[in-house]
Amino acid sequence: MRANIGAALLPVVLQSGIAVPHLCYHPQLSVPASCQVCIVGIGVGDERQLRTACNLAVESGLVVDTRS
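Heads up: the sequence shown at position 32 corresponds to 247 in the working numbering, and the numbers run straight through without jumps.
So this is what it looks like as structure tokens:
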């Protein structure tokens, strides 16, 4: 997954075959993150947050929970 560092999380997850609901995301449009449907739980180290996957960049050590 290192090759995807810096890419938006949502398309990376979808290309991996993991289903994440989304409405306003389309790869050929800007990323408004306005619908908030693609929210995932993320963590880096001991910190946990809810973030929209469409405008979150993949980074090293990122832990993603798509089932919460």
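Cβ atoms here follow ideal geometry from the backbone N, Cα and C, with glycine treated the same way. Quantities reported herein were computed from a predicted structural model and do not represent experimental measurements.
Could you tell me how far apart the beta carbons of Ala272 and Ala222 are, in whole angstroms, since I believe they sit closer than 8 Å?
By 1-based counting over the sequence shown, the position of residue 272 is 57. By 1-based counting over the sequence shown, the position of residue 222 is 7. About 7 Å; that satisfies the 8 Å criterion.
- [ ] Grab me the residues of Pro247's own chain with a C-beta within less than 8 Å of its C-beta, minus the 5 sequence neighbours each way, in chain order.
- [x] The residue you call residue 247 lines up with position 32 of the sequence shown. Answer for Pro247: Cys239, listed in chain order.
- Message: Please state the DSSP three-state secondary structure of Val246.
- Response: To locate residue 246, count along the sequence shown from 1; it is residue 31. In the displayed model, Val246 falls within coil according to three-state DSSP, outside both helix and strand.
Notebook entry, point to check: Excluding five sequence neighbours on each side, which residues of the same chain lie with their C-beta closer than 6 Å to the C-beta of Asn219?
Noted result: If you number the sequence shown from 1, residue 219 lands on position 4. Residues of the same chain with a CB within less than 6 Å of the CB of Asn219, apart from the 5 flanking positions on each side, are Val227 and Val273 in chain order.
_Beta-carbon gap between Ala268 and Cys253 smaller than 8 Å_ = The residue labelled residue 268 in the question sits at position 53 within the sequence shown. The residue labelled residue 253 in the question sits at position 38 within the sequence shown. The Cβ atoms of Ala268 and Cys253 sit closer than 8 Å to each other.
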